[in-house]
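For reference, the structure is listed below as structure tokens.
In this note's numbering, the protein residues as written are 456 to 538.
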């Protein structure tokens, strides 16, 4: 363990329990910024449009036809002309 990492562990061990939640939140925002952003993002409360409802119904029907399996990545890339 590096000296800096060891020092960080020592400081964490000296924190009172009441401050650990704040520290964990701060560390998570550094280590996993995307997860933190998603966790704190506002709820999408817009009504679903008719075209969105249709797209979801088509996707579910496709999954039922294919035994619950989606499109393999290679096939999706081929369909998009990105293979």
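All C-beta atoms, glycine included, are put in the ideal place defined by N, C-alpha and C.
As the structure is a prediction and not an experimental result, all values here were calculated from the model.
- Sequence-distant partners of residue 524 (beyond 5 residues in either direction) whose C-beta falls short of 8 angstroms from its own C-beta, in its chain, are 518.
- In this structure, the CA atom of residue 497 is about 26 angstroms from the CA atom of residue 474.
- For residue 491, the enclosing alpha helix (DSSP H) starts and ends at 488-495.
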